[in-house]
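Keeping their order, the protein sequence lines are chains A, B and C. If you read the first sequence in the working numbering, its first letter stands for residue 6, the second for the next number, and so on. If you read the second sequence in the working numbering, its first letter stands for residue -19, the second for the next number, and so on. If you read the third sequence in the working numbering, its first letter stands for residue 9, the second for the next number, and so on. Each residue gets a CB set at the ideal place from its N, CA and C atoms; glycine is no exception. What follows is a set of notes on a single structure, which appears directly below.
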Amino acid sequence: MAVSQPRGDAPRRSRSAAAGDRVFLFVVNAAVGLFVILVALLFLELVKGSWPSLHAFGPKFLWTSEWNPVTNQFGALPLIYGTLVSSLVAIVLAGVVGILAATYLAEFAPRWVARPLGFVIELLAAVPSVVFGLWGLFVLAPVVRTVIGPALQKYLGFLPIFQGPISGVGMLTAGLVLSFMILPTVTAISREVIVAIGGDLREASMSLGATKWETVARVVLPASRAGIFGALVLALGRALGETIATTMVIGNRPQIAASLFAPSYTLASVIANEFTEANGDVYISALIELGLLLFVVSFIVNAIARLLLWIVLRTRS
Amino acid sequence: MKRSLSSRHAASWIGATVTALCAIIGAAILILILGYVAFAGARALNPAFLTQLPVPVGETGGGVGNGIVGTLITVGIATLLALPMGLLGALFLALFGRGWFPEVVRFLSDVLSGIPSIAIGLFAYTLLVAPFRHFSALSASFAFAILMLPIILRTSEEAIRSVPRSIREGALALGLSEFATTMRIVVPAARPAIITGLLLAIARVTGETAPLLFTAFGSQFWELNPAQPMAQLPLQVFTYAISPYASWHAQAWAGALLLITAVLVLNILARLVLTPRTQR
Amino acid sequence: MNATVAPMRVENLSAYYGSREAVADVSMPFAANAVTALMGPSGCGKTTLLRCLNRIHEIAPNAYARGKVLLGDRDIYDSDMSVVELRRRVGMVFQRANPFPTLSILGNVTAGLSGSVPAAKRMEVAESALRGAALWEEVRDKLSKPATALSGGQQQRLCIARALAVEPEVLLMDEPTSSLDPISTLSIEELMTSLTDRYAIVVVTHNLQQAARVSKYSAFMLADETGIGRLIEMDETSRMFTKPSDRRTEDYISGRFG
């Protein structure tokens, strides 16, 4: 008695099945296999390229401050600092504005407003990094130098982060530009989450007599917490790896300073600025190690964010 | 309720207004940037700019002709690399939907799309530049292809899945092989959505600068050979922008205008024009 | 009826979706040159049974079958019978017409033909199939138009023509008229009757009157308490509708449920 075998979406192949189908399936599987190998190779090549540096400095690469090509001493701490702080500034700014904007689009805006407005915000994500950098350098930096900086210093100058000379380029400007770049991500994904989660809760709350704002602030948003957090983590990942726009407005000086007006340096910017001039195995491999660091961090950050969003969204779809 | 009804409604109104303002800020940023780039870039934009080679600083005129051609070539080759693999991968995901391996593939694709482009550039460098001690547009295309893959993969999978199951069943019931069903019936039905995804992928890498720094490297001359270093428009914009020369700054704005226009047109085309209303 | 000359029959067929048994232990013949109707209330497994006959059932994830389905003297589940060959010999028409959206009317009709068939022969086959489906006169001037330009009833007849073009032995029809208006329904029923000249037809139907009108043999299925579909009774339609042997068949036919 013959029994057919269960087989996913594809019907069972019998031995005399068309050879064409077999070739087709082989090619399809091979393409996917190649893809997986490519991703693995990416990681391996970065490790291989970093090897001399990994060997020479070990883990103290991460907490040493000296970045000196002349003496071949490389420590990434100021770069890690610059990357983290600029991204933090970006996430705080983009997070507040983005979540509120998403709330508007998902809850308050009439459909004929929400669609085009949301579309325009999403288009912002398409703007190339070098254009953001150009605009940041020639438009935003002067504004920071002449308006925003002095204003912050005047009213909040007692805080160390707003002290010191204001040159226009620096951590704050970089953080601002980054926040513009990641705003669409925060908005679009938060909106998706709020829309997915909102449904029944919204109706239940409104029918109990709550106002729209009370419903949103006390019921819908708290319920969307996890998904919104996922959106923020995803946006953070983008900010951490941003290269060209940051390089153009951050001042490119490896230092750890308290002031947001001071110039700084990020992991990605160093690679962009110094790679083509680098000589010597240790120097080059130190730069590649920075790339490896970026890869690992963004891999982990993205994995966490995607997992979170997957859990949140699929229980609702 | 402790507060009066009118103050609760006022709070609601304030909430709506504040959030609306935030949304408007988001949209305003795009308009601001686009407006300024158009304003600053239009001045230097002329036919000479589009067709001539760069000139040394101090001399007037010159253009980004080689950069435009170089970008077209690099993005074109990247598309040729990424599209077949992306489509085949999408077929795999659509045909073998569930199961642990397809989920791994989707996960890798999603995570890959978040890897900084400079790290991808380094990968292209170690694989295709260092061994040959030679910069090339091809290595840049390789990096671009990796950036395009996740987009093509996901959008094509979605496109193929959106073809109604009844169509595929009808083809299989007719005695068509899996291959024929997919290639002759399902994929053609998904073609508009696949093209949309491709446009978005192209928009993603047009204007991408970081990987170019050590793959294509740039050039002052016309170059059509992908095995050679080649001028790229985003690189030229970057180089001109960080230079100290005002004439180069003007050219940077013009180049930026070209880039932002190309990217926005592709996006609007893909998302507004080609996507049917029901799927937006 | 002599079961051994039936072009198709099932023996102890059970169908599963993963661990859930949907149909259990069905044995019945499907007569040549006649319409056999599969009837029963929703969930009785009649569609699942039909879909086992051309192994389309297996497209669903983790779906499989046990038992024998004999086409001629070969078991279709044998490893040396390819599904492609099987489905050319056993054609199917679905509940909702599913013309291929990117192909023209002509393209649709000839979609099952191999690519190596020359254009002239394709036209010949198309005309013959469209005539067989009583659609030729209506579409002969617009063969290159998209298939989606046709009305619902015409699209369904197009799908029938498409199935006929590969010259099957058996034609399976899964509630082919349930989404059509009464006039189209009637024309398809007339078509079914005329097709029995050349094909064995198995039709799943919800509509008792339709079964009475078109079929020579009828099979009544019912889901038991655990939800597993079973064959209750099979007989000549005329006899089953007037003097059913099983009480449950009688209840169904007289409208007491379903």
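Locate the beta strand (DSSP E) running through residue i, then write down its first and last residues.
{"i": "Leu180(B)", "result": "Here Leu180(B) belongs to no beta strand (DSSP E); instead the alpha helix (DSSP H) covers 167 to 185."}
{"i": "Asp243(C)", "result": "237 to 244"}
{"i": "Phe66(A)", "result": "Where Phe66(A) is concerned, there is no enclosing beta strand (DSSP E), given that its DSSP letter is neither H nor E."}
{"i": "Phe19(B)", "result": "Per DSSP, Phe19(B) belongs to no beta strand (DSSP E); it is in the alpha helix (DSSP H), -15 to 22."}
{"i": "Met181(C)", "result": "178 to 182"}
{"i": "Ser226(C)", "result": "225 to 231"}
{"i": "Val43(C)", "result": "43 to 47"}
{"i": "Ile209(C)", "result": "208 to 212"}
Buried or exposed, going by whether 16 or more other CB atoms sit within 10 Å of the CB of residue i?
{"i": "Val125(C)", "result": "exposed"}
{"i": "Ala4(A)", "result": "Here chain A comprises residues numbered 6 to 322, so residue 4(A) is not present and cannot be evaluated."}
{"i": "Met49(A)", "result": "The amino acid occupying residue 49(A) in the given sequence is Leu; Met does not appear at that position. Exposed, since its Cβ has fewer than 16 Cβ neighbours within 10 Å."}
{"i": "Tyr160(A)", "result": "exposed"}
{"i": "Val101(C)", "result": "buried"}
{"i": "Tyr270(A)", "result": "buried"}
{"i": "Phe122(B)", "result": "buried"}
{"i": "Ala244(A)", "result": "buried"}
{"i": "Leu61(C)", "result": "buried"}
If you run the structure through DSSP and keep just helix, strand and coil, what is residue i?
{"i": "Gln164(C)", "result": "helix"}
{"i": "Arg74(C)", "result": "strand"}
{"i": "Ala263(A)", "result": "coil"}
{"i": "Glu29(C)", "result": "strand"}
{"i": "Asp254(C)", "result": "coil"}
{"i": "Pro130(B)", "result": "helix"}
{"i": "Trp228(B)", "result": "helix"}
{"i": "Gln103(C)", "result": "coil"}
{"i": "Gln158(A)", "result": "helix"}
{"i": "Phe79(A)", "result": "strand"}
{"i": "Phe122(B)", "result": "helix"}
{"i": "Ser35(C)", "result": "strand"}
{"i": "Phe163(A)", "result": "coil"}
{"i": "Leu21(C)", "result": "strand"}
{"i": "Asp86(C)", "result": "coil"}
{"i": "Asn26(B)", "result": "coil"}
{"i": "Ser262(C)", "result": "coil"}
{"i": "Gln10(A)", "result": "Low local confidence applies: a pLDDT of 43 at Gln10(A) is under 50, so the model's placement there is unreliable, with the coordinate-based value given in what follows. If DSSP states are grouped into helix, strand and coil, Gln10(A) belongs with coil."}
{"i": "Leu252(B)", "result": "helix"}
{"i": "Ser269(A)", "result": "strand"}
If I follow the unbroken alpha helix (DSSP H) through residue i, where does it start and stop?
{"i": "Phe218(B)", "result": "213 to 221"}
{"i": "Arg63(C)", "result": "From DSSP, Arg63(C) is part of no alpha helix (DSSP H); its letter is neither H nor E."}
{"i": "Thr59(B)", "result": "45 to 75"}
{"i": "Ala244(A)", "result": "230 to 246"}
{"i": "Ala209(A)", "result": "176 to 212"}
{"i": "Thr251(A)", "result": "249 to 254"}
{"i": "Met200(C)", "result": "190 to 203"}
{"i": "Ser136(C)", "result": "127 to 140"}
{"i": "Glu39(B)", "result": "Glu39(B) -> no alpha helix (DSSP H), and no H or E assigned at all."}
{"i": "Tyr288(A)", "result": "286 to 319"}
{"i": "Trp202(B)", "result": "Note, Trp202(B): premise wrong, no alpha helix (DSSP H); not H, not E."}
{"i": "Ile100(B)", "result": "97 to 104"}
{"i": "Ile276(A)", "result": "272 to 279"}
{"i": "Gly120(C)", "result": "It is not in any alpha helix (DSSP H) - Gly120(C) carries neither H nor E in the DSSP assignment."}
If residue i and residue j are in contact, beta carbons under 8 Å, what's the gap, nearest whole angstrom?
{"i": "Leu188(A)", "j": "Gly242(A)", "result": "About 15 Å separates the two Cβ atoms, so there is no contact after all."}
{"i": "Val185(B)", "j": "Leu127(B)", "result": "5 Å"}
{"i": "Asp83(C)", "j": "Val92(C)", "result": "Rounded, the Cβ-Cβ distance is 16 Å, inconsistent with contact."}
{"i": "Met267(C)", "j": "Arg17(C)", "result": "Any property of residue 267(C) remains undetermined from this structure, which presents chain C solely from 9 to 266."}
{"i": "Leu142(A)", "j": "Val275(A)", "result": "Not really, about 18 Å apart at Cβ, beyond 8 Å."}
{"i": "Gly66(B)", "j": "Ala222(A)", "result": "With 8 Å as the limit, Gly66(B) and Ala222(A) do not qualify as a contact, their Cβ atoms being about 42 Å apart."}
{"i": "Ala45(C)", "j": "Val211(C)", "result": "5 Å"}
{"i": "Phe194(B)", "j": "Gly101(B)", "result": "6 Å"}
{"i": "Leu51(A)", "j": "Ala99(B)", "result": "7 Å"}
Q) Residues in the region 17 to 33 of chain B with C-beta within 9 Å of chain C's C-beta atoms, listed in sequence order? A) none
Q: Check distances from the C-beta atoms of the region 234 to 245 of chain A to those of chain B and list, in chain order, the residues that come in under 8 Å.
A: Leu239, Gly242, Arg243, Leu245
Q. Between the region 139 to 157 of chain B and chain C, which residues of the former have CB atoms less than 9 Å from a CB of the latter, in chain order?
A. Against chain C - using a Cβ distance shorter than 9 Å - the residues of the region 139 to 157 of chain B are Val143, Pro144, Arg145, Ser146, Ile147, Arg148, Glu149, Gly150, Ala151, Leu152, Ala153, Leu154, Gly155, Leu156, Ser157.
Q. Of all the residues that make up the region -17 to 3 of chain B, which are near chain A by a beta-carbon distance shorter than 7 Å?
A. Arg(-12), His(-11), Ala(-9), Ser(-8), Gly(-5), Ala(-4), Val(-2), Thr(-1), Ala0, Cys2, Ala3
(Q) Residues of the region 273 to 288 of chain A in Cβ contact with chain B at a cutoff of 8 Å, in chain order, please. (A) Ala273, Ile276, Ala277, Phe280, Thr281
Q: Could you name the residues of the region 77 to 103 of chain B whose beta carbon sits closer than 9 Å to any beta carbon of chain A, in the order they occur along the chain?
A: Gly77, Arg78, Gly79, Phe81, Pro82, Val84, Val85, Phe87, Leu88, Ser89, Asp90, Val91, Leu92, Ser93, Gly94, Ile95, Pro96, Ser97, Ile98, Ala99, Ile100, Gly101, Leu102, Phe103
Q. Taking any Cβ of chain C, which residues in the region 155 to 181 of chain B have a Cβ under 8 Å from it, in chain order?
A. Gly155, Leu156, Ser157, Arg164, Ile165, Pro168, Ala169, Arg171
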